[in-house]
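> Position 238 (the sequence shown) corresponds to 362 in the numbering used here; numbering is contiguous.
Heads up, the beta-carbon is just placed ideally off N, CA and C, and yes, glycines get one too.
These numbers were taken from a predicted model, which means no experiment stands behind them.
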Amino acid sequence: MIDADPLIFQEHQSNPEACIPCDRPDKTRAIPVTLIHPIFGTFVDECSSRIPTVEDMQLATSLIDVLSYVHSSQVSRHKGMRRIFEDADIHFLPAELGPYTTGGEIVVKNFRSSIAQFGDEIGYTGSEPYYQAILYYLESTRAFEHLHSVFPCIFVLIFGPFISFAGAVWTDRPTINMLSPAFPTHFHSTDTNIRDTLARHLGTFRSALRSLQTYYEGLSTVSTIPSCSPMFPYKSDFCEERYSFHYISRVGSVGNSLVFKGEMRSSPHDLVFIKFTCQYSEDLHRYCTSERFAPSLRALEKLPGGWQMVIMDDISAEYVELYDMIDSKDLKPACKTDFTNRLKDALVKLHEKGLVHGDVRNTNIMVKKDDMTLKESFMLVDFDWGGKASEARYPLDLNTTTVKRPEWVFGRRRIEPQHDLTMLQYIWS
Numbered sequence: 125m126i127d128a129d130p131l132i133f134q135e136h137q138s139n140p141e142a143c144i145p146c147d148r149p150d151k152t153r154a155i156p157v158t159l160i161h162p163i164f165g166t167f168v169d170e171c172s173s174r175i176p177t178v179e180d181m182q183l184a185t186s187l188i189d190v191l192s193y194v195h196s197s198q199v200s201r202h203k204g205m206r207r208i209f210e211d212a213d214i215h216f217l218p219a220e221l222g223p224y225t226t227g228g229e230i231v232v233k234n235f236r237s238s239i240a241q242f243g244d245e246i247g248y249t250g251s252e253p254y255y256q257a258i259l260y261y262l263e264s265t266r267a268f269e270h271l272h273s274v275f276p277c278i279f280v281l282i283f284g285p286f287i288s289f290a291g292a293v294w295t296d297r298p299t300i301n302m303l304s305p306a307f308p309t310h311f312h313s314t315d316t317n318i319r320d321t322l323a324r325h326l327g328t329f330r331s332a333l334r335s336l337q338t339y340y341e342g343l344s345t346v347s348t349i350p351s352c353s354p355m356f357p358y359k360s361d362f363c364e365e366r367y368s369f370h371y372i373s374r375v376g377s378v379g380n381s382l383v384f385k386g387e388m389r390s391s392p393h394d395l396v397f398i399k400f401t402c403q404y405s406e407d408l409h410r411y412c413t414s415e416r417f418a419p420s421l422r423a424l425e426k427l428p429g430g431w432q433m434v435i436m437d438d439i440s441a442e443y444v445e446l447y448d449m450i451d452s453k454d455l456k457p458a459c460k461t462d463f464t465n466r467l468k469d470a471l472v473k474l475h476e477k478g479l480v481h482g483d484v485r486n487t488n489i490m491v492k493k494d495d496m497t498l499k500e501s502f503m504l505v506d507f508d509w510g511g512k513a514s515e516a517r518y519p520l521d522l523n524t525t526t527v528k529r530p531e532w533v534f535g536r537r538r539i540e541p542q543h544d545l546t547m548l549q550y551i552w553s
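#1: Within 10 Å of its beta-carbon, does V472 have 16 or more other beta-carbons around it, so buried, or fewer, so exposed?
#2: Considering only residues of the same chain and omitting the five flanking positions on each side of F356, which have a CB-CB separation below 7 Å?
#3: Please report how far the alpha carbon of R529 lies from the alpha carbon of W509, in whole angstroms.
#4: Apart from the five residues just before and just after I287, which ones in its own chain have a Cβ nearer than 6 Å to its Cβ?
#5: Provide the residue span of the beta strand (DSSP E) that contains H370, from first to last.
#6: Report buried or exposed for D448, applying the criterion of at least 16 other Cβ atoms within 10 angstroms of its Cβ.
#7: What is the C-beta distance between F279 and H325, in whole angstroms, given that I count them as a contact (C-beta under 8 Å)?
#8: If I follow the unbroken beta strand (DSSP E) through Q432, where does it start and stop?
#9: Assign Q134 to one of three DSSP states: helix, strand, or coil.
#10: Pull the bridge partners of W294 from the DSSP assignment, please.
#11: Touching or not, the region 449-467 and the region 492-499, by the rule of three or more beta carbon pairs under 8 Å?
#12: Does the beta carbon of I300 come closer than 8 Å to any beta carbon on chain C?
#13: From V396 to I230, what distance separates their C-alpha atoms?
#14: Indicate the three-state DSSP secondary structure (helix, strand or coil) for L382 in the structure shown.
#15: Report back the beta-carbon spacing between L221 and Y260 to the nearest angstrom; my notes put them in contact at under 8 Å.
#16: Rounding to the nearest angstrom, what Cα-Cα distance links H195 and R207 in this structure?
#17: Inspect the beta-carbon positions of L479 and Y411 and report whether they are closer than 8 Å.
#18: Would you mind reading off the limits of the beta strand (DSSP E) that contains G227?
#19: Compute the Euclidean distance between the alpha carbons of T534 and D483, then round it to the nearest angstrom.
#20: Can you check which of these residues, G511, Q542, D544, Y193, is closest to G284 by C-alpha distance?
#21: Any heavy atom of the ligand HEM closer than 7 Å to the Cβ of M436?
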């Protein structure tokens, strides 16, 4: 039995075969829940855009009253929270499942659409509410694995005067991500920013519960052949569903990669790469494609949760990363010099169009397989950071430790053409 005590849970997480991806520790990352089921991406978007209703504000005000108060017992505290949710037509029922308990659950056709975990005041040394909710979700869901659903569920986590939300899905095991920060309810009455943000999240939660109810009411309780694997993102079509594909595999290191290989359903052996990213320059990619030094870009579509889905040709049958060839003894210095000059000419051309790449590394330069002369065509990939030279900036968490970059380059700095040309000097190291 897994325990929700932080130290015991952490020890369990050290087993790769049994760990539960929940970002604690950070290395247990999996495909984000916002890509596994659209309800979570919609949740994230609506938390930013929703205009709070009167009902949202009333729920926020009531929660502030209860959570900011120091109760004499946890029983009265938990009853107070459930009563407030009841008044808002959110019916959390306390439940137990074997050794695991929860502050409340919402069940639709035996499926948990939401789990609430009401923790104690900060400083209490018992179980961690986040872990408690995870373990309850695990036990309450594992029996339905054969139904081929990802079983989306929203956690409401309350500890001390704080409240937060998380999303859970089932792939080959539970996967959980936070959907919000922890909001304080002990703030000054004039701080309308925190109050309105809390109200937006509560209103969005109510809206998500209605969507989850509709989803589960339409879910068959009879085992069926899955339409798509729960191990891959939910999105498998583009151009308003005119084109569809099925996923074959995940590309790269499992911990961080959100690139997948797929095959078009209408044309067997027509292979594509599908990339999910929060930032991408369509203009830069299409320009490089027009100049024949980038894979053909088939589509770029925006998805809920701030995601962009990029569909491009799979060139892996003909091309490999330059990184895989730099140590070859068959690669002559003159060939390296000639290749560098041709690559420089390509970069200068895109700079003249007012564009920058921002990450010119040997892992982002593709060359023809077994081309020891480097005379044949090359391709640039990875257009996440690039774009217009006047707008494109490096990400805040730019890696300058294990990746050699110019010393004047740092996170959030504007990307300049000279940076691309300087990075050329490092591609052979």
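Well, looking at it:
#1: For this step, residue 472 is matched to residue 348 along the sequence shown. The residue is exposed, with fewer than 16 neighbouring Cβ atoms inside 10 Å.
#2: Here residue 356 refers to the residue found at position 232 of the sequence shown. Only Y371, F384 meet the Cβ criterion.
#3: In the sequence shown, counting from the first residue as 1, residue 529 sits at position 405. In the sequence shown, counting from the first residue as 1, residue 509 sits at position 385. The straight-line gap separating the alpha-carbon atoms of R529 and W509 is approximately 15 Å.
#4: Sequence index remark: in the sequence shown, residue 287 carries index 163 (1-based). Non-local beta-carbon contacts of I287 in its own chain, meaning distances under 6 Å to residues more than five positions away in sequence, involve F307 in chain order.
#5: Numbered from its first residue, the sequence shown carries residue 370 at position 246. Here the beta strand (DSSP E) through H370 covers 367-375.
#6: One-based indexing of the sequence shown puts residue 448 at position 324. Under this definition D448 is an exposed residue.
#7: Your numbering for residue 279 matches position 155 in the sequence shown. Your numbering for residue 325 matches position 201 in the sequence shown. With a Cβ gap of about 13 Å, F279 and H325 do not count as contacting.
#8: Reading the sequence shown from its first residue, position 308 is the one you call residue 432. Per DSSP, the unbroken beta strand (DSSP E) holding Q432 starts and ends at 431-437.
#9: As a position in the sequence shown, residue 134 is number 10, starting the count at 1. DSSP, reduced to helix, strand and coil, places Q134 within a helical segment of the structure shown.
#10: Residue 294 sits at position 170 when you count from the first residue of the sequence shown. Partner(s): P298.
#11: The region 449-467, when compared against the region 492-499, does touch it at the 8 Å Cβ threshold.
#12: Of the protein chains in this structure there is only one, and it is not chain C.
#13: In the sequence shown, counting from the first residue as 1, residue 396 sits at position 272. In the sequence shown, counting from the first residue as 1, residue 230 sits at position 106. So the two alpha carbons sit approximately 40 Å from each other.
#14: Here residue 382 is taken as the residue at index 258 of the sequence shown, counted from 1. Secondary structure at L382: coil, using DSSP grouped into helix, strand and coil.
#15: Counting from 1 along the sequence shown, the entry for residue 221 is found at position 97. Counting from 1 along the sequence shown, the entry for residue 260 is found at position 136. A Cβ-Cβ separation of about 6 Å places L221 in contact with Y260 under the 8 Å criterion.
#16: For the purposes of this step, residue 195 is identified with residue 71 of the sequence shown, where counting begins at 1. For the purposes of this step, residue 207 is identified with residue 83 of the sequence shown, where counting begins at 1. Distance between the alpha carbons of H195 and R207 is about 15 Å.
#17: Translated into positions along the sequence shown, residue 479 becomes position 355. Translated into positions along the sequence shown, residue 411 becomes position 287. Contact: yes.
#18: Taking the sequence shown and counting its residues from 1, the one referred to as residue 227 is at position 103. Where G227 is concerned, the enclosing beta strand (DSSP E) stretches over 224-232.
#19: Walking along the sequence shown from the start, residue 534 turns up at place 410. Walking along the sequence shown from the start, residue 483 turns up at place 359. Residue identity check: residue 534 is Phe in the sequence provided, not Thr. Those two C-alpha atoms are separated by around 12 Å.
#20: On the sequence shown, position 160 is the one that residue 284 refers to. Closest option to G284, Cα to Cα, is Y193.
#21: Absent from the structure shown: the ligand HEM. Ligands present: none.
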